[in-house]
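Quick note on numbering: our numbering labels position 437 of the sequence shown as 446, and the sequence is numbered without any gaps.
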Amino acid sequence: MFAVNHHFFRAKTSPYILQKTLKKQVIGGVAWRGSADIIQQVLQIVFTIVLARLLTKADFGLLATAMVINRFFVALISVGFGGAIIRSTDVTKEQISAIFYIQLILNFTLSVVVYFLAQPIAGFFEEIELVRLVEITAWIILLQTFQFPTILLRKNMQFKSFSLIEISSMLIANTAAIIMAFDGFGIWSLVARLFIQKLCFIIGTWFAAKWKPTKPDFNGLKPIMNFGFNMLGSNLLSYFSENLIAIIISKFLGKEIMGLFNIAYNLAIVPASKIKSVLLSVLTPGFAKIQLDIVSFTKNNRKVLLYLSLTFIPFMFLMSGMSENIVLFMYGDKWIDASPMLLILAIVGMMKGVVHLLRSSILVKGEARVILYATIIELVSSLPLMYFYVSIYGVNGLLIGYSVGTLTSFFYIVYKYDKLFEEKIFYKTVLLPFIFGVSLFTLVFFIGQFSINLYIELILQLFMALILFGILMRLFYWKIMKMALQRFRLLK
10 MFAVNHHFFR AKTSPYILQK TLKKQVIGGV AWRGSADIIQ QVLQIVFTIV
60 LARLLTKADF GLLATAMVIN RFFVALISVG FGGAIIRSTD VTKEQISAIF
110 YIQLILNFTL SVVVYFLAQP IAGFFEEIEL VRLVEITAWI ILLQTFQFPT
160 ILLRKNMQFK SFSLIEISSM LIANTAAIIM AFDGFGIWSL VARLFIQKLC
210 FIIGTWFAAK WKPTKPDFNG LKPIMNFGFN MLGSNLLSYF SENLIAIIIS
260 KFLGKEIMGL FNIAYNLAIV PASKIKSVLL SVLTPGFAKI QLDIVSFTKN
310 NRKVLLYLSL TFIPFMFLMS GMSENIVLFM YGDKWIDASP MLLILAIVGM
360 MKGVVHLLRS SILVKGEARV ILYATIIELV SSLPLMYFYV SIYGVNGLLI
410 GYSVGTLTSF FYIVYKYDKL FEEKIFYKTV LLPFIFGVSL FTLVFFIGQF
460 SINLYIELIL QLFMALILFG ILMRLFYWKI MKMALQRFRL LK
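Following this line, the structure appears as structure tokens:
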């Protein structure tokens, strides 16, 4: 069922039919994954609004610190087996089972290690409350092993099932967390949310995939292992590039500042990570099937870049310009110090979201080294600045260094992307959407300078931004607007 022989498929099917079928799969997949991620993002914001009023900044900060630690240890063994399975056209069921067992052993070992390191970790951050928190959240690493069937759902482009399971799991977990928060469980309501969401998702994916591990076959795993281990260095460095700022905040600025940062980060950077998950889930397997057809690959890649730029770039600029009002409206006065962080992080998130698309295209072409070098460049350019500025400007100094690192890596990835496709397609494609975004930012930021009622100001900002965006789209991309409506009808 899972070892799809794509060579046989190509031999028996005309290129035209293959391209039409793949196009329909990719469009349907993007629609489902995109819609699911938008719904999840909206729900996450709604649930966080409720929890932010019931819990403290320290609660959010402590859990965020525990999860940063968790992600660090996961990065140590993130060898990219999932991507290798999706990319492979001839992996067998027995080989898939072998990879599952390898992952199970690695994750169990890692959970045990993290559990016994809880005391030293809490000592490093000088937060005794972290001990019990790290001991319990360590077992989330083991639970992640049993999400393995999601790889198979993605490989077979079963995105409808995948998306519905994600949304259902999120609803159940957050409802339970809110009930616990009302009952006075504090930070443990956030911990329970993590475990309940994982367990519900695991049950759903195993049921949807209808997969059971078979007798493992470790022969022939070398290509998959090589691809995975080639990604290990990049994944580890990527962890530091994305989480170093959180580690420094937790260590030097405390759990309350970490709580504020976590709220801003989740609003600004999580949308970029959602973009990444859609690309990895849908476009990577889709592009992998046409990677040898240079013309088709380039054409489809440019289309995706344009559609992403027209929606994501203006949205993130809009979030940045409205940062203060967004924080006040959603979380209340006690979280107002998160608004300057959101203003900067939204622009960083915009760059990261676009880069995720470029990275997925580069990876499909087999250029994993480019991603590794980009991550090194980001770390080298950001770390000295963060270290120097944190003692002078506090969290804002860290954000300056973080932004410079992201920008430097962004330009390197863009350079390599344009060079790989042998034409300057990035700037030609993204320039107008970028101008749209800057225009929206300028408009809403200007409106935000007037001291009027919060709700009136928010409505005015959104209304004027919508009018401006509609005018710009009508002038420059009217055909795309009509085509987008037609494509949504393909969603079944």
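Don't be surprised by glycine CBs; every beta carbon is placed ideally from N, CA and C.
Item: Ser332 to Gly263 span [Cα, whole Å]; Value: 23 Å
Item: For Pro442 and Ile322, believed in contact at Cβ under 8 Å, the rounded distance; Value: 5 Å
Item: CB of Ser388 within 9 Å of CB of Leu246, strictly; Value: A quick correction: the sequence has Leu, not Ser, at residue 388. Yes, the Cβ-Cβ distance between Leu388 and Leu246 is below 9 Å.
Item: Nearest neighbour of His365, chosen from Phe249, Val55, Phe419 and Leu337 [CA to CA]; Value: Phe419
Item: Same chain only: Cβ atoms within 7 Å of Ala474, ignoring 5 sequence neighbours per side; Value: Leu327, Leu449, Leu452 and Val453
Item: Beta-carbon proximity of Ile149 to Leu203, cut-off 9 Å; Value: yes
Item: Within 9 Å, strictly: CB atoms of Leu64 and Ile196; Value: yes
Item: Whole-number beta carbon distance between Val399 and Phe518, since they are thought to touch under 8 Å; Value: Outside the displayed span of the chain (10 to 501) sits residue 518, for which this structure offers no information.
Item: Close beta carbons around Ala107, own chain, < 8 Å, minus the five adjacent residues each side; Value: Pro225, Asp226, Phe227 and Leu230
Item: For Gly70, the nearest candidate out of Glu138, Glu103 and Phe109 (CA to CA); Value: Glu138
Item: Stretch pair the region 374-385 + the region 337-351: three plus CB contacts closer than 8 Å; Value: no
Item: Separation of Asp68 from Met189, as counted between CA atoms; Value: 14 Å
Item: Selection from Leu394, Ser318, Ala347 and Phe338 that minimises the alpha carbon distance to Lys361; Value: Ser318
Item: Closest residue to Ile480 among Ser178, Val143 and Phe445 (Cα-Cα distance); Value: Phe445
Item: Per-residue DSSP class, three states only, for Phe419; Value: helix
Item: Where the alpha helix (DSSP H) through Asp68 begins and ends; Value: Lys66 to Leu85
Item: Close beta carbons around Ile345, own chain, < 7 Å, minus the five adjacent residues each side; Value: Val336 and Leu337
Item: Stretch pair the region 115-130 + the region 144-160: three plus CB contacts closer than 8 Å; Value: yes
Item: The ligand GTP heavy atom lying under 8 Å from the CB of Ser247; Value: Among the components of this structure there are no ligands whatsoever, and the ligand GTP is therefore not found.
Item: Same chain only: Cβ atoms within 7 Å of Ala201, ignoring 5 sequence neighbours per side; Value: Ala185, Ala186 and Met189
Item: Beta carbon of Met395 nearer than 9 Å to that of Leu253; Value: yes
Item: Length-filtered (4 minimum) alpha helix (DSSP H) runs lying within the region 297-367; Value: 303-330 and 332-340
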